[in-house]
Amino acid sequence: MPLRTAVLLSIISLVFCGFAYSDCGSGLVSGQHSGQSTSFSKSLQRAQKGDREAQFQVALAYQAGRGVEQNCTEAIRWYQRAAEAGHAAAQNNLASLYERGVGVPQSDQEALRWYLRAASDNFPPAEDNLGSMYADGHGVRQDDAEALRWFRKAAAAGYPAGESDVAFMYLSGRGVVRDEARAVTWYLKAAQKKYAPAQTNLGLIYASGKGVRADSAQALKWYRAAADQNFALAELSLGLMYARALGVERNPTEAMTWFRRAAQHGSAAAENEIGVAYEHGDGVAEDLAQALQWYRKAADDGFAEAQHNTERLSTHLAKVNGMQVSSSTEFRRTSQ
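Quick note: to get our numbering, add 8 to the position in the sequence shown (first position is 1).
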């Protein structure tokens, strides 16, 4: 693998099995519904009369803050009612809240129970989430073969996250013989359905030549497709390509544009890259105070390299400031 590509892949790992959401309004599965055309008050009236689809819509509205003030407690209450009435999407969303510990005590067992209920109705998002639990060993014994079985079920229904996860299993040789060509085929299926994680992974694959002929134009195409959906990893990838001339002409200004977008969408790695740019005056005017601010933010958001950068730059600035104080003191002394 070319060294410059290895640098890119060392910073961005392939996206697998969804995301670690921590807030109430994230990770929604909307299901089949008329959505915005139905007012919250009308949905609430039907929900109170026992309509499980309306109960699900009310829960979604409370979780997303759509037509009503966001209220995770109320979202859970209505998900619970719809789930107990057999609504598969509500069962899936309730399971997701238990898995993440959002609004309820974290419980892999409760998450597993509700995912299984939804999967018994052949609900693809729940099947894919079950695959993730087996892949990660959350609430169950880690089992790649079982994970792949659930991913395949979701993929067979045309669910893009399932297709993307089947691709990852082929790419990494988990539960199946490693087959990069098949991985690309599955990623393409999901990417063509505008699934941003799969589009990003295709970009990484074309950038690295992993299972395909390396092609920076194709990498850019798929990164941009995902970035058009505000997918932070794709935006970060574009920034790195322009910052490090990875198959494109180096353009620090364009790199900063993408790093800022990725940071806005939650990428701690992008926050660290902004710090690097300010420290070295790359695409922006050099500003060590700004660099330190961005390093600290990235470190607070969990990016390990940023912690090192924070400590290093803090030490440097302390020495510089100490020298300035000493110089100033000496000047005053000699002027007396």
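Every residue gets a Cβ at the ideal spot worked out from N, C-alpha and C, and that includes glycine. All values reported here derive from a predicted model rather than from experimental measurement.
Burial state of residue i (16 or more Cβ within 10 Å)
| i | result |
| --- | --- |
| residue 101 | buried |
| residue 50 | exposed |
| residue 261 | exposed |
| residue 322 | exposed |
| residue 329 | exposed |
| residue 145 | exposed |
Backbone CA spacing between residue i and residue j [nearest angstrom]
| i | j | result |
| --- | --- | --- |
| residue 41 | residue 192 | Note that residue 41 scores a pLDDT of 46, beneath 50, so its modelled location is shaky; the value from the coordinates is reported in the next line. If I take the Cα positions, the gap works out to 33 Å. |
| residue 277 | residue 54 | 45 Å |
| residue 180 | residue 78 | 39 Å |
| residue 196 | residue 104 | 27 Å |
| residue 92 | residue 174 | 31 Å |
| residue 32 | residue 140 | 20 Å |
| residue 317 | residue 327 | 15 Å |
| residue 58 | residue 86 | 11 Å |
| residue 194 | residue 285 | 36 Å |
| residue 282 | residue 273 | 14 Å |
| residue 324 | residue 296 | 10 Å |
| residue 203 | residue 118 | 28 Å |
Coarse secondary structure for residue i, derived from DSSP in three states
| i | result |
| --- | --- |
| residue 101 | helix |
| residue 205 | helix |
| residue 325 | helix |
| residue 290 | coil |
| residue 78 | coil |
| residue 111 | coil |
| residue 275 | coil |
| residue 330 | helix |
| residue 317 | helix |
| residue 94 | coil |
| residue 362 | The first residue shown for the chain is 9 and the last is 344, placing residue 362 beyond what the model contains. |
| residue 47 | coil |
| residue 257 | coil |
Where the alpha helix (DSSP H) through residue i begins and ends
| i | result |
| --- | --- |
| residue 174 | 168 to 180 |
| residue 140 | 132 to 144 |
| residue 197 | 188 to 199 |
| residue 247 | 240 to 252 |
| residue 116 | 116 to 127 |
| residue 160 | 152 to 164 |
| residue 305 | 296 to 308 |
Cβ-Cβ distance between residue i and residue j below 8 Å
| i | j | result |
| --- | --- | --- |
| residue 129 | residue 162 | no |
| residue 270 | residue 247 | yes |
| residue 279 | residue 306 | yes |
| residue 142 | residue 136 | no |
| residue 206 | residue 172 | yes |
| residue 127 | residue 138 | yes |
| residue 230 | residue 214 | yes |
Heavy atom of the ligand NAP within 7 Å of residue i beta-carbon
| i | result |
| --- | --- |
| residue 134 | The ligand NAP is not among the ligands present in this structure, which contains no ligands whatsoever. |
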